[in-house]
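Following my numbering, the numbering of the sequence shown begins with 104 at its first residue and continues without gaps.
Think of the CB as a built atom: it goes at the ideal place given N, C-alpha and C, for glycine as much as any other residue.
All figures in this text were calculated on a predicted structure; none of them were measured in a lab.
See structure below.
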Amino acid sequence: MKVDGTHYRTIWLAEDGWSLEIIDQRLLPHEFAIQRLTNIGEAADAIRTMAVRGAPLIGAAAAYGMCLQARVDASDDALREGYAQLLATRPTAVNLRWALDEMLSAIRASVINDRVAAAYAKAAAICDEDVAMCEAIGRYGLDLFRECIGGRAEDGTLNVLTHCNAGWLATVDWGTALAPVYMAHDAGIDVHVWVDETRPRNQGSSLTAWELGKHGVPHTVIADNTGGHLMQHGAVDLCITGADRTTASGDVCNKIGTYLKALAAADNGIPFYVALPRTTIDWTIDSGESIPIEKRDSGEVTHMSGREGDGSVKWIQVTPDGTKAANYAFDVTPARLVTRLVTDQGTCAASKDGLLGLFPERRSQK
Ligand code: MRU
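Listed below in structure tokens is the structure:
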């Protein structure tokens, strides 16, 4: 997608042809800065500290992290160490494990002298595939948006509610939940997005608002507790979020607070769609209860960052001194609350049959 007229992906090779460049998402929306990553430690830190974040982008960054490791030492032992180091960065998004498995088998299939080239080729393929999958999600999601418009008595703005950031910043390009939003906007549909701020890290108010603004999509940031009220008053036509891990039965793990929006949507008869590439499906588990939920530093709850009038960015305390805080990063929305999954292969019911209908090759693998 474009930033002030220039097309960017979220991760790319630097001019030297081997190091990586990323958009440092910790600084948005106040500063657009590119960070260079030159070794596996820097790649792991970028994922852990959320300079890069969002399930598909975490996978892409880890893939290139393996390239940086292979440049230094492409032996089986070093690759296994690199795999473990990157896997330990964040526990919930399954794209991380998927990308590392893909990288390990692609690299180990080559003789030692060819391993670096094989690693870079595989990482580039993972990124290109992510872009293609997100574009496909956008097209399938757009069909659902059109259905939703068709079912209404009169024309008018299509009001979409989203949570967290599931836009191009969370992927290599396009985004998952926001891909159909961009396509709808580009197709001339009058679409407006309610953007949940998404405490505690505010991926909605800082990242989603920023990227929608850069693309010219009308949007309004709301406090996280507002969605239910808007739904009760007819101000939301559909909800769409991304996912960090979807089980083989269609339970969806996504940013904390997603579940509450799904409950409110069900209570108000509003479609709740979840957009995800196939790389976010964990075929090894059926129940969302088996998904590891990341717990993060309580400082993300007790403190907030923001820009002062003089342009400086400050980190300020919002709770009394010494207050205990809990910081669960994700929750699970049971499949029964999800109206449809929107994948790169088409849309389906959030159920085992629904998913196997789209990915029949998985029947024999179970
Ligand atoms: O903690 P984050 O910012 O990595 O969480 C990201 C989300 O929850 C997204 O909504 C999710 O990755 C799906 S979008 C591609």
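Quiz item: Looking at C-alpha atoms only, which residue of 106, 220, 293 and 156 is the closest neighbour of residue 135?
Solution: Here residue 135 corresponds to residue number 32 of the sequence shown, with the count starting at 1. Selected option, being the one with the closest Cα: 106.
Self-check item: Separation of residue 467 from residue 150, as counted between CA atoms
Solution: Sequence index remark: in the sequence shown, residue 150 carries index 47 (1-based). Sequence index remark: in the sequence shown, residue 467 carries index 364 (1-based). Looking at the two C-alpha atoms, the distance is approximately 34 Å.
Quiz item: Which ranges would you report for the alpha helix (DSSP H) in the segment 387–419 if only whole runs of at least 4 residues count?
Solution: Secondary structure remark: continuous alpha helix (DSSP H) runs of at least 4 residues inside the segment 387–419, in chain order: 402–405.
Exercise. State the DSSP-derived secondary structure class of residue 363, mapped to helix, strand or coil.
Key: Numbered from 1 along the sequence shown, position 260 holds the residue referred to as residue 363. In the structure shown, residue 363 sits in a helix (DSSP, three-state: H, G or I).
Self-check item: CA-to-CA distance, residue 185 to residue 168, given in whole angstroms
Solution: Along the sequence shown, read from residue 1 onward, the residue named residue 168 stands at position 65. Along the sequence shown, read from residue 1 onward, the residue named residue 185 stands at position 82. Between residue 168 and residue 185, the C-alpha separation is close to 8 Å.
Self-check item: Alpha-carbon spacing of residue 122 relative to residue 226, whole angstroms
Solution: In the sequence shown, counting from the first residue as 1, residue 122 sits at position 19. In the sequence shown, counting from the first residue as 1, residue 226 sits at position 123. Rounded to whole angstroms, residue 122 to residue 226 spans 13 Å at the Cα level.
Quiz item: Regarding residue 358 and the ligand MRU, is the C-beta to nearest heavy atom distance less than 6 Å?
Solution: As a position in the sequence shown, residue 358 is number 255, starting the count at 1. True, at least one ligand heavy atom lies under 6 Å from that Cβ.
Practice problem: Jot down the residue ranges of each uninterrupted alpha helix (DSSP H) in the segment 147–200, minimum 4 residues, whole runs only, in chain order. | Solution: 158–175 and 179–190
Quiz item: Using the beta-carbon count (16 or more within 10 Å), is residue 335 buried or exposed?
Solution: Looking up residue 335 in the sequence shown gives position 232. Classification of residue 335: exposed, given that the 10 Å Cβ count is below 16.
Quiz item: Leaving out five residues before and five after residue 129 in sequence, what residues of the same chain have Cβ atoms less than 8 Å from its Cβ?
Solution: Here residue 129 refers to the residue found at position 26 when the sequence shown is read from its first residue. Only 152, 153 and 154 meet the Cβ criterion.
Exercise. Kindly examine the ligand COA and report whether one of its heavy atoms sits closer than 6 Å to the Cβ of residue 108.
Key: The ligand COA is not part of this structure, which contains only the ligand MRU.
Quiz item: Beta carbon of residue 442, beta carbon of residue 201: below 7 Å?
Solution: Translated into the one-based positions of the sequence shown, residue 442 becomes position 339. Translated into the one-based positions of the sequence shown, residue 201 becomes position 98. It is not a contact, given that the beta carbons lie outside the stated cut-off.
Quiz item: What are the residues that DSSP puts in a beta bridge with residue 265?
Solution: Counted from its first residue, the sequence shown places residue 265 at position 162. DSSP lists 298 as partners of residue 265.
Quiz item: Is the segment 246–264 touching the segment 394–406 in the sense that three or more CB pairs, one from each, lie closer than 8 Å?
Solution: no
Quiz prompt | Close Cβ partners of residue 517 (< 6 Å) along its chain, the five nearest in sequence each way excluded | solution = Residue 517 lies beyond the stretch modelled for the chain, which goes from 104 to 469, so this question has no answer here.
Quiz item: Any idea which residues DSSP pairs residue 124 with across the strands?
Solution: By one-based count along the sequence shown, residue 124 stands at place 21. In DSSP, residue 124 forms a bridge with 115 and 139.
Self-check item: Limits of the unbroken alpha helix (DSSP H) element including residue 215
Solution: For the purposes of this step, residue 215 is taken as residue 112 along the sequence shown, with counting starting at 1. First-last for residue 215: undefined, no H or E at that position.
Quiz item: How many whole angstroms separate the CB atoms of residue 243 and residue 449, which I take to be in contact at a CB cut-off of 8 Å?
Solution: Taking the first residue of the sequence shown as position 1, residue 243 is located at position 140. Taking the first residue of the sequence shown as position 1, residue 449 is located at position 346. 6 Å between Cβ atoms; contact.
Exercise. Compute every distance between the C-beta of residue 311 and the non-hydrogen atoms of the ligand MRU, then say whether any falls below 6 Å.
Key: Along the sequence shown, read from residue 1 onward, the residue named residue 311 stands at position 208. No, since every heavy atom of the ligand MRU falls outside the 6 Å radius drawn around the Cβ of residue 311.
Quiz item: Hey, is residue 345 close to the ligand MRU, as in C-beta under 6 Å from one of its heavy atoms?
Solution: As a working mapping, residue 345 is identified with position 242 in the sequence shown. It does: the Cβ of residue 345 is within 6 Å (strictly closer) of some heavy atom of the ligand MRU.
Self-check item: Span of the beta strand (DSSP E) around residue 435
Solution: Indexing the sequence shown from 1 puts residue 435 at position 332. From DSSP, the beta strand (DSSP E) with residue 435 extends over 433–436.
Quiz item: In whole angstroms, what is the alpha-carbon distance linking residue 425 and residue 419?
Solution: One-based indexing of the sequence shown puts residue 425 at position 322. One-based indexing of the sequence shown puts residue 419 at position 316. Each residue's Cα considered, the two are about 14 Å apart.
Quiz item: If you count every other CB in all the chains shown that lies within 10 Å of the CB of residue 322, and 16 or more means buried, which is it?
Solution: Counting from 1 along the sequence shown, the entry for residue 322 is found at position 219. The residue in question, residue 322, is buried, as its Cβ has 16 or more Cβ neighbours within 10 Å.
Quiz item: Do three or more CB pairs link the segment 155–162 to the segment 265–280 at distances below 8 Å?
Solution: By the C-beta criterion, the segment 155–162 is judged to be in contact with the segment 265–280, since at least 3 inter-stretch pairs fall below 8 Å.
Self-check item: Spatial distance of residue 510 from residue 235 (CA atoms)
Solution: Within the shown structure, residues of the chain are numbered from 104 to 469, placing residue 510 beyond reach of any answer.
Exercise. Identify which residue in 120, 132 and 110 has its Cα closest to the Cα of residue 310.
Key: For the purposes of this step, residue 310 is taken as the residue at position 207 of the sequence shown. Cα-wise, what sits closest to residue 310 is 132.
Practice problem: Under 8 Å by Cβ, that's how I've got residue 377 and residue 346 pegged, so tell me the actual separation to the nearest angstrom. | Solution: The residue you call residue 377 lines up with position 274 of the sequence shown. The residue you call residue 346 lines up with position 243 of the sequence shown. Rounded, the Cβ-Cβ distance is 5 Å, consistent with contact.
Quiz item: So, helix, strand or coil for residue 450, using DSSP?
Solution: To locate residue 450, count along the sequence shown from 1; it is residue 347. Strand at residue 450.
Self-check item: CA nearest to the CA of residue 108, picked from 263, 316, 142 and 254
Solution: On the sequence shown, position 5 is the one that residue 108 refers to. The candidate whose alpha carbon is nearest that of residue 108 is 316.
Quiz item: What is the DSSP secondary structure of residue 274, reduced to helix, strand or coil?
Solution: Taking the first residue of the sequence shown as 1, we reach residue 274 at position 171. In this structure, residue 274 counts as coil in the three-state DSSP scheme.
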